[in-house]
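Visitor: For what it's worth, our numbering labels the leading residue of the sequence shown as 2, then goes sequentially. Okay, here's the structure, questions in a sec.
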Amino acid sequence: MVTFNYETEFKLDHENLLEYWVDTIVLNHDYSIGEINYIFCDDAYLHKLNVEFLQHDTLTDVISFDNTLGKLVSGDIYISVERVADNATDFKEDFIDELHRVMIHGVLHYMGYKDKSEEEKKKMRAAENKALAAFN
Numbered sequence: 002m003v004t005f006n007y008e009t010e011f012k013l014d015h016e017n018l019l020e021y022w023v024d025t026i027v028l029n030h031d032y033s034i035g036e037i038n039y040i041f042c043d044d045a046y047l048h049k050l051n052v053e054f055l056q057h058d059t060l061t062d063v064i065s066f067d068n069t070l071g072k073l074v075s076g077d078i079y080i081s082v083e084r085v086a087d088n089a090t091d092f093k094e095d096f097i098d099e100l101h102r103v104m105i106h107g108v109l110h111y112m113g114y115k116d117k118s119e120e121e122k123k124k125m126r127a128a129e130n131k132a133l134a135a136f137n
């Protein structure tokens, strides 16, 4: 089950379509959906989590807490819509496209994708692009 929660005024207008998309991406990787919770918030909210849980005193666009067990994908994905909007501007991307990239990025982490090394980043970006293409 995919749920959408809001700690800010922002609201998605196509939750059912996004839930189907996430389900499809997970199934296409030979995993199954447990509980994925998206929590949309602002910079201050996510910064507090970043400091408290990760000891990082920086702004970020997404923090994922992974509860995946084996092939059952579960976790909480916190997304700062402010940071996504700023990144979209910086990267000259559409806000919704950047939001979808961040949303699927967290899920891909749950399925074993990493992004620490350059090679891992390339694989993650390719998986993100493939997932985004499937949405459009």
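Cβ coordinates follow ideal geometry from the N, Cα and C atoms, glycine included.
Three-state secondary structure (DSSP) at G107?
Guide: For the purposes of this step, residue 107 is taken as the residue at position 106 of the sequence shown. Helix, per DSSP.
Visitor: If the criterion is Cβ atoms closer than 8 Å, does the pair F160 and D77 meet it?
Guide: Since the first residue of the chain shown is 2 and the last is 137, residue 160 is not available in this structure.
Visitor: In the DSSP assignment, what are the bridge partners of D31?
Guide: By one-based count along the sequence shown, residue 31 stands at place 30. None, per the DSSP bridge assignment.
Visitor: Using CA coordinates, which residue listed in D98, M2, E121 and A128 is at the minimum distance from N38?
Guide: As a working mapping, residue 38 is identified with position 37 in the sequence shown. Here the closest residue by C-alpha is M2.
Visitor: Given a cut-off of 8 Å, decide if V103 and D62 are closer than it, judged by their beta-carbon atoms.
Guide: Taking the first residue of the sequence shown as 1, we reach residue 62 at position 61. Taking the first residue of the sequence shown as 1, we reach residue 103 at position 102. It is a contact, given that the beta carbons lie within the stated cut-off.
Visitor: Have a look at G35, D44 and I97 and flag the residue whose alpha-carbon is nearest the alpha-carbon of N68.
Guide: Here residue 68 is taken as the residue at index 67 of the sequence shown, counted from 1. Taking only the C-alpha atoms, the option nearest N68 is G35.
Visitor: DSSP three-state label for N68, please.
Guide: Along the sequence shown, read from residue 1 onward, the residue named residue 68 stands at position 67. Correct three-state label for N68: coil.
Visitor: Given 8 Å as the limit, is there contact between the region 37-55 and the region 79-89, that is, 3 or more CB pairs closer than that?
Guide: Verdict: yes, contact present.
Visitor: Does D77 come out as helix, strand or coil in the three-state DSSP assignment?
Guide: For the purposes of this step, residue 77 is taken as residue 76 along the sequence shown, with counting starting at 1. If DSSP states are grouped into helix, strand and coil, D77 belongs with the strands.
Visitor: In whole angstroms, what is the alpha-carbon distance linking V27 and E120?
Guide: Counting from 1 along the sequence shown, the entry for residue 27 is found at position 26. Counting from 1 along the sequence shown, the entry for residue 120 is found at position 119. V27 and E120: Cα-Cα distance of roughly 22 Å.
Visitor: For a test of the three-state rule: what should DSSP assign to E36, helix, strand or coil?
Guide: The residue you call residue 36 lines up with position 35 of the sequence shown. Correct three-state label for E36: strand.
Visitor: Distance check for N29 and G71, CA to CA, integer angstroms please.
Guide: On the sequence shown, residue 71 is found 70 positions in, with the first residue counted as 1. On the sequence shown, residue 29 is found 28 positions in, with the first residue counted as 1. About 16 Å.
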